[in-house]
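Adding 129 to a residue's 1-based position in the sequence shown gives its number in this note's numbering.
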Amino acid sequence: MDSTDLRLRPFVPGDDAEVTRWFADAGALRLFAGKRLRWPLDTAQWDGIRSDPTLTAWTAIIGEDARPVGHGEIVEESPTEVRLAMIAVAPSVRGRGVGRTMVAALIEKCREADYSLVILFVHPDNATAIRAYRGLGFRPSPVAGNSNSNSLRMDLRLKK
Ligand SMILES: CC(C)(COP(=O)(O)OP(=O)(O)OC[C@H]1O[C@@H](n2cnc3c(N)ncnc32)[C@H](O)[C@@H]1OP(=O)(O)O)[C@@H](O)C(=O)NCCC(=O)NCCS
Numbered sequence: 130m131d132s133t134d135l136r137l138r139p140f141v142p143g144d145d146a147e148v149t150r151w152f153a154d155a156g157a158l159r160l161f162a163g164k165r166l167r168w169p170l171d172t173a174q175w176d177g178i179r180s181d182p183t184l185t186a187w188t189a190i191i192g193e194d195a196r197p198v199g200h201g202e203i204v205e206e207s208p209t210e211v212r213l214a215m216i217a218v219a220p221s222v223r224g225r226g227v228g229r230t231m232v233a234a235l236i237e238k239c240r241e242a243d244y245s246l247v248i249l250f251v252h253p254d255n256a257t258a259i260r261a262y263r264g265l266g267f268r269p270s271p272v273a274g275n276s277n278s279n280s281l282r283m284d285l286r287l288k289k
């Protein structure tokens with residue numbers, strides 16, 4: 130597996146069963162989705178994501194293999210600001226650079242769409258995720274008082 134071959138395609142119903150398998154219990158789902166999704170996952174919840182006009186949901190694949198290795202969403206917060214959400218990598222390939230490469234590809238989508246600021250929220254105990262985001266340039270946000278008080282907000286400025 131070579132994560133440099135990673136690309137993003139739209140998240141489709143055929144991905145649901147595989148992505149659902151990545152979350153073994155309610156705790157794992159909480160790290161990924163916060164309070165947004167309920168355990169157990171079902172197609173109706175994934176359909177809700179696909180039909181949400183405020184976001185685009187992406188599946189990461191590697192090379193010619195169509196199976197999902199990652200999932201990520203870009204939520205528009207304002208004409209200049211987007212939030213990355215629901216970032217996850219298949220457990221079988223974690224720790225091999227897929228997360229870092231996928232988030233870099235999501236950032237590229239934001240840059241191409243001309244957004245100025247990319248933000249995300251992460252649980253403060255999620256050291257792997259925080260490390261990946263830091264490596265890509267995200268920094269703890271100077272913005273105080275957000276709605277996700279239990280989470281760390283991280284920011285990446287793409288332009289002034
Ligand atoms: C967080 C997640 C997306 C990272 O993806 P990944 O493919 O495992 O991460 P990568 O291999 O790209 O590694 C990213 C960084 O974390 C480090 N890392 C990887 N596995 C680690 C581990 N088990 N413990 C500590 N650090 C780890 C890597 O060294 C790398 O750091 P570097 O960029 O400084 O070298 C993935 O672990 C995941 O899906 N976790 C469950 C869902 C989740 O928590 N999502 C985040 C919600 S905000």
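The beta carbon of each residue, even a glycine, is placed where N, CA and C say it ideally should be.
Between the stretch 165–180 and the stretch 137–146, can you find at least three pairs of beta-carbon atoms closer than 8 Å? The stretch 137–146 is in contact with the stretch 165–180.
Specify, as a first and last residue, the run of the alpha helix (DSSP H) that G177 falls within. Counting along the chain, the alpha helix (DSSP H) containing G177 begins and ends at T172 to R179.
What do you get for A242, buried or exposed, if any count of 16 or more other CB atoms within 10 angstroms of its CB means buried? By the C-beta density criterion, A242 is exposed, having fewer than 16 other C-beta atoms within 10 angstroms.
So which residues touch the region around ligand 1, with touch meaning a C-beta under 6 Å from any heavy atom? Neighbourhood of ligand 1, defined by CB distance below 6 Å to any of its heavy atoms: L160, F161, I216, A217, V218, R223, G224, R225, G226, V227, G228, R229, V251, N255, A256, T257, A258, R260, A261 and G264, in chain order.
Identify every run of the beta strand (DSSP E) within the stretch 224–289, keeping only runs that are complete inside it and at least 3 residues long; order them along the chain. Taking 3 residues as the minimum length, the beta strand (DSSP E) runs contained wholly in the stretch 224–289 are 246–251 and 281–286, in order along the chain.
Spatial neighbours of T149 within its chain, please: C-beta separation below 6 Å, excluding the five flanking residues on both sides. Cβ within range, chain order: L170.
Below 8 Å, how does it come out for the stretch 213–230 and the stretch 193–205: are there three or more Cβ pairs, yes or no? Output reads yes: the stretch 193–205 touches the stretch 213–230.
List the endpoints of the continuous alpha helix (DSSP H) containing T188. Taken as a continuous stretch (DSSP letters only), T188 belongs to no alpha helix (DSSP H), being part of the beta strand (DSSP E) at L184 to I191.
Which residues does DSSP list as the beta-bridge partners of G201? Assignment of beta-bridge partners to G201 by DSSP yields W187.
Assuming T230 contacts L135 (C-beta within less than 8 Å), just tell me the rounded distance between them. Yes, they are in contact, since the Cβ atoms of T230 and L135 sit about 5 Å apart, within 8 Å.
Taking the C-alpha atoms as reference points, what is the distance between R179 and V251? It is roughly 22 Å from the alpha-carbon of R179 to the alpha-carbon of V251.
Starting from the C-beta of F267, find all residues in its chain whose C-beta is less than 6 Å away, skip the five residues before and the five after it, and write them out in chain order. So the qualifying residues of the chain are M283 and L285.
Per DSSP, what kind of secondary structure is V222 in: helix, strand or coil? Secondary structure of V222 (DSSP, three-state): helix.
Collapsed DSSP secondary structure at V141 in the structure displayed: Looking at V141 - three-state DSSP - the assignment turns out to be coil, as it is neither helix nor strand.
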